[in-house]
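A.B. asks: One structure follows; several queries about it will come next.
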Ligand code: SF4
Ligand code: SF4
Ligand code: SF4
């Protein structure tokens with residue numbers, strides 16, 4: 001039995017927790033064509049449903065979970081779940097992307113998106129088995145870690161269930177709590193706290209239907225070609241499937257001591273090298289339908305636990321950036337973050353910032369209440385992580401997350417906060433990669449981010465994997481970042497929007513070859529247009545796809561405008577010691593030139609950074625302009641708090 | 001004689017084989033229509049593939065009351081649906097749970113895809129191979145040895161094997177990095 005719609009697009013499930021009501025709504029072909037799925041559906045839902053500046057932890061906030069268009073098919077790596085909400089960490093759009101099996105299961109159950117609104121009186125979870133949807137009591141589940149929650153739900157509903165939900169951090173409204181899928185897959189930017197604020201512990205889903213492409217033979221042929229490409233690629237076989245994102249430890253200069261030193265491969269301390277981490281490995285795994293096996297499964301001798309996906313980000317954020325080099329301790333912390341349901345990057349960066357503020361005397365000893373903030377203190381950090389998840393003592397402050405945490409200690413502390421729009425990402429000079437790094441962090445619609453287009457703009461990881469593919473892309477239509485950084489970035493942003501909407505993984509090493517299906521063979525948007533046509537039975541052109549990604553991106557920008565984002569929030573942050581130099585001042589000027597050019601080419605007003613009516617109307621979304629044009633929104637300064 | 005050998009030590013649980021199998025037979029991606037089933041437990045890394053072993057002395061064939069199951073030239077036991085009465089005896093008799101019957105009211109089982117197993121062509125990690133019997137046995141032995149080295153069988157201690165593999169990966173990566181300096185696009 002196949003899912004109900006002929007276009008292979010399931011229904012939207014709207015769950016109102018206040019009234020405990022569930023409504024199913026069909027998706028029109030028009031909507032598929034205009035917003036594709038996943039992130040596209042989510043961003044539109046948030047723009048349409050969230051009126052303006054509200055407290056992200058109030059019942060008015062909306063939690064949207066969208067599987068990508070191709071979820072559940074043999075097109076590889078298309079099982080990412082996109083989770084979007086008004087972020088309690090940043091106070092702007094906050095979306096995260098998690099793997100696991102949930103999105104495929106949701107598709108097999110016949111749904112394309114879940115939208116959660118309101119707030120339940122008591123803890124609840126939602127159980128979905130194909131057409132049956134039930135809101136159930138979760139009082140027995142409240143307080144459990146993510147692993148325990150999944151085990152409980154598997155006991156109750158069978159091993160086939162896939163689970164998205166939260167751990168104690170989400171319940172305790174830690175502002176960077178994550179949505180966790182199937183124990184180990186995490187979607188960042190604070191959505192976990194939104195589940196907590198809604199008294200929603202988990203959604204468990206079993207789907208038993210099938211997905212049948214409109215032109216099955218054609219679709220499968222292309223899907224298989226893509227699988228075959230990865231199965232034959234030397235880089236994938238010998239590096240990617242062996243060390244996964246630990247590749248980045250050699251290639252991405254993990255930072256040491258709160259972004260003070262970028263470590264080269266030779267400088268990498270013992271304990272943080274891929275081979276040191278591999279010592280704890282007992283196997284490899286991946287998300288549904290992915291041929292790469294980029295994730296390690298590790299065993300912790302000291303606690304007897306298994307964990308998975310000790311990604312590059314955990315190693316640098318919890319390890320090197322805090323000067324911690326004890327391999328097992330870092331893996332333990334990573335596992336704790338998964339079990340409590342917290343984002344490792346914001347967690348690690350916030351702790352590292354605290355260490356720095358302490359060293360500078362901005363954070364007093366009394367403030368700490370006895371906890372140690374010595375650089376490299378692994379045991380102390382393990383304690384801090386637990387205190388943060390439960391908001392105990394000093395952990396209650398850390399739980400506010402990066403910029404909100406720094407704000408507690410005034411301007412002096414904020415000066416060391418390297419965020420854009422409330423989201424942490426370290427600092428970089430504007431010269432670096434022709435301005436792309438700093439520009440991409442500034443223009444990302446969810447705050448500073450490396451997965452919004454940045455690495456794609458300058459084909460960071462593609463050269464090693466398949467240089468021929470890069471050559472072909474440049475010959476086709478990819479702007480060369482060395483001559484046209486802004487064009488290259490916009491191109492990258494489009495591709496990432498596309499990947500997030502189709503459900504395709506952007507590749508844990510962030511490459512073109514993974515983020516866009518068939519890109520090794522066709523120009524970027526052409527292969528996708530062919531796939532979408534074969535899958536949905538509707539005619540897609542390259543232009544349809546580019547327009548869809550722009551529609552999504554500008555809707556997101558407009559959403560942020562309503563949250564009080566102004567042009568000044570596209571700024572670049574440097575450490576205070578550097579800011580005062582002439583070199584820095586010249587770089588800041590260059591940055592703003594790039595921002596202006598970006599806004600112009602995106603079709604936005606260069607003075608206000610509002611998407612222009614003309615552009616929106618051309619994309620057929622004039623209604624977005626009606627909501628922002630000529631309107632003043634109170635200036636953004638982090639998330640709104642209704643109650644103290 | 002070719003056999004479809006499953007090397008569960010290599011399986012990472014991606015489910016691509018199930019999607020491929022259901023597509024090949026029904027033109028749809030549907031786990032319940034796959035002839036091979038992957039049961040995963042990511043935390044202990046062992047995925048178990050449930051599939052038909054094409055037994056020498058096949059219980060399914062023996063119990064079928066209407067002789068609907070017979071062996072084809074590739075060694076696959078095939079169900080003749082013109083004869084099959086849908087009693088499910090074969091599914092109950094198979095010691096491996098390799099026959100499903102929950103959909104379409106008829107038993108379905110692996111037919112070796114007429115000698116071109118679709119699952120084996122998509123499996124990214126050589127966890128399903130279709131090869132000459134002797135070669136398959138060698139592959140299996142190698143995989144078991146690697147499994148022991150990996151510490152898969154009750155081994156909970158850290159092991160040298162993944163470390164060595166990671167070292168090789170890093171070495172190869174550094175080689176590529178060095179070369180990439182000379183490459184221009
Ligand atoms: S279905 Fe079961 S009994 Fe029949 S040949 Fe296959 S494994 Fe043996
Ligand atoms: S050989 Fe063919 S029928 Fe058998 S499990 Fe593989 S794909 Fe399915
Ligand atoms: S395709 Fe191979 S690795 Fe993936 S689940 Fe099947 S047997 Fe395992």
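Chains as they are written, first to last, in the UniProt record's numbering: chain A, 1 to 644; chain B, 1 to 185.
Yeah, the Cβ is synthetic: ideal placement off N, Cα and C, and Gly gets one too.
Relative to chain B, which residues along the stretch 495-517 of chain A have a C-beta separation below 8 Å, given in chain order?
C.D. replies: Of all residues in the stretch 495-517 of chain A, none has a Cβ within less than 8 Å of some Cβ in chain B.
A.B. asks: Taking 8 Å as the CB-CB cut-off, is residue 463 of chain A touching chain B?
C.D. replies: Closer than 8 Å: yes.
A.B. asks: Looking at the secondary structure, which residues open and close the beta strand (DSSP E) in which residue 204 of chain A lies?
C.D. replies: Looking at the DSSP string, the run of the beta strand (DSSP E) that includes residue 204 of chain A is 200-206.
A.B. asks: Can the beta-carbon of residue 478 of chain A be found closer than 8 Å to that of residue 524 of chain A?
C.D. replies: In this structure, residue 524 of chain A lies closer than 8 Å to residue 478 of chain A by Cβ.
A.B. asks: Do residue 548 of chain A and residue 611 of chain A come within 8 Å of each other at the CB atom, strictly closer than that value?
C.D. replies: Cβ distance not < 8 Å, so residue 611 of chain A and residue 548 of chain A don't count as in contact.
A.B. asks: Within 7 Å: the Cβ of residue 122 of chain B and any heavy atom of ligand 3?
C.D. replies: Yes, since a heavy atom of ligand 3 falls inside the 7 Å radius drawn around the Cβ of residue 122 of chain B.
A.B. asks: What does residue 243 of chain A reach in chain B if we use C-beta pairs closer than 9 Å?
C.D. replies: 165, 166, 169, 170, 173, listed in chain order.
A.B. asks: Any Cβ of chain B within less than 8 Å of the Cβ of residue 282 of chain A?
C.D. replies: For residue 282 of chain A, the answer is yes, since a Cβ of chain B falls inside 8 Å of its Cβ.
A.B. asks: When DSSP builds the beta bridges, which residues end up paired with residue 113 of chain A?
C.D. replies: DSSP, once it has assigned bridges, lists A/12, A/66 as partnering residue 113 of chain A.
A.B. asks: On a Cα-Cα basis, can you pick out the residue from A/72, A/350, A/324, A/161 that is closest to residue 273 of chain A?
C.D. replies: Per the Cα distances, A/324.
A.B. asks: Would you report the Cα separation of residue 662 of chain A and residue 317 of chain A, rounded to the nearest angstrom?
C.D. replies: Coverage of chain A is limited to positions 1 through 644, which leaves residue 662 of chain A absent and any answer about it impossible.
A.B. asks: For residue 3 of chain A, count neighbouring Cβ atoms within 10 angstroms of its own Cβ and tell me buried if that reaches 16, exposed if not.
C.D. replies: With a pLDDT of only 48 at residue 3 of chain A, under the threshold of 50, the placement of this residue in the model should not be trusted, and no figure is reported.
A.B. asks: Taking the Cβ atom as the reference point for each residue, do residue 599 of chain A and residue 609 of chain A lie within a distance shorter than 8 Å?
C.D. replies: Yes, the pair counts as a contact, with Cβ atoms nearer than the cut-off.
A.B. asks: Check whether the Cβ of residue 14 of chain B sits closer than 7 Å to any heavy atom of ligand 3, and report yes or no.
C.D. replies: Under cutoff, so the answer is yes.
A.B. asks: With C-beta atoms as the reference, is residue 119 of chain B less than 8 Å away from residue 20 of chain B?
C.D. replies: Yes, the pair counts as a contact, with Cβ atoms nearer than the cut-off.
A.B. asks: Residues bridged to residue 124 of chain A by DSSP?
C.D. replies: A/137, A/200.
A.B. asks: Would the beta-carbon of residue 235 of chain A fall within 8 Å of that of residue 387 of chain A?
C.D. replies: Cβ distance not < 8 Å, so residue 235 of chain A and residue 387 of chain A don't count as in contact.
A.B. asks: For residue 231 of chain A and chain B, any beta-carbon pair shorter than 8 Å?
C.D. replies: Residue 231 of chain A counts as touching chain B.
A.B. asks: So is residue 312 of chain A buried or exposed if we call it buried at 16+ other beta carbons inside 10 Å?
C.D. replies: Classification of residue 312 of chain A: buried, given that the 10 Å Cβ count is 16 or more.
A.B. asks: Under the three-state reduction of DSSP, which class applies to residue 220 of chain A: helix, strand or coil?
C.D. replies: Here residue 220 of chain A sits in helix by DSSP.
A.B. asks: Between the alpha carbons of residue 140 of chain B and residue 90 of chain B, how many angstroms are there, rounded?
C.D. replies: Whole-angstrom Cα-Cα distance: 28 Å.
A.B. asks: Exposed or buried, what is residue 644 of chain A when buried is set at 16 or more other beta-carbons lying within 10 Å of its beta-carbon?
C.D. replies: Residue placement at residue 644 of chain A is flagged as unreliable, the pLDDT there being 42, under the threshold of 50; the coordinate-derived value follows with that caveat. By the 10 Å Cβ count, residue 644 of chain A comes out exposed.
A.B. asks: Output needed in chain order: residues of the stretch 617-638 of chain A with a Cβ under 7 Å from some Cβ in chain B.
C.D. replies: Result list empty, no residue passes.
A.B. asks: Tell me which residue opens and which closes the beta strand (DSSP E) that residue 2 of chain B is part of.
C.D. replies: Note, residue 2 of chain B: beta strand (DSSP E), 2-6.
A.B. asks: What do you get for residue 105 of chain A, buried or exposed, if any count of 16 or more other CB atoms within 10 angstroms of its CB means buried?
C.D. replies: The residue in question, residue 105 of chain A, is buried, as its Cβ has 16 or more Cβ neighbours within 10 Å.
A.B. asks: Name the one or two DSSP bridge partners that residue 84 of chain A has.
C.D. replies: According to DSSP, residue 84 of chain A bridges with A/64, A/95.
A.B. asks: Thinking C-alpha only, which one of A/53, A/426, A/165, A/563 is nearest residue 348 of chain A?
C.D. replies: Of A/53, A/426, A/165, A/563, the residue nearest in Cα terms is A/426.
A.B. asks: Closer than 7 Å by C-beta to residue 628 of chain A: which residues in its own chain qualify, once you throw out the five before and the five after it? Chain order, please.
C.D. replies: Excluding positions up to five away in sequence, the list reads 558, 561, 562, 610.
A.B. asks: Could you name the residues of chain A that residue 177 of chain B contacts, counting a contact when the two beta carbons are closer than 9 Å?
C.D. replies: Chain A residues near residue 177 of chain B: 250, 251, 265, 464.
A.B. asks: Anything in the UniProt domain "4Fe-4S ferredoxin-type" (2-31) of chain B with a Cβ closer than 8 Å to a Cβ of chain A? List those residues in chain order, please.
C.D. replies: Result list: 12, 13, 14, 15, 16, 19, 20, 22, 23, 26, 27, 28, 29, 30, 31.
A.B. asks: Start and end of the alpha helix (DSSP H) containing residue 381 of chain A?
C.D. replies: Taken as a continuous stretch (DSSP letters only), the alpha helix (DSSP H) holding residue 381 of chain A covers 378-389.
A.B. asks: Identify the residues that DSSP records as bridge partners of residue 106 of chain A: which are they?
C.D. replies: According to DSSP, which records beta bridges pairwise, residue 106 of chain A is partnered with nothing at all.
A.B. asks: So which residues of chain B does residue 470 of chain A contact, with C-beta pairs closer than 8 Å?
C.D. replies: Residues of chain B passing the Cβ test: 185.
A.B. asks: Between the C-alpha atoms of residue 467 of chain A and residue 583 of chain A, what's the straight-line distance to the nearest angstrom?
C.D. replies: In a straight line, the C-alpha of residue 467 of chain A is about 34 Å away from that of residue 583 of chain A.
A.B. asks: Taking residue 144 of chain A as the reference, which of A/205, A/286, A/338 has the closest Cα?
C.D. replies: When each option's Cα is compared against that of residue 144 of chain A, the closest is A/338.
A.B. asks: Pull up the DSSP beta-bridge partners for residue 226 of chain A, would you.
C.D. replies: Answer by DSSP bridge pairing: none, since residue 226 of chain A is not bridged.
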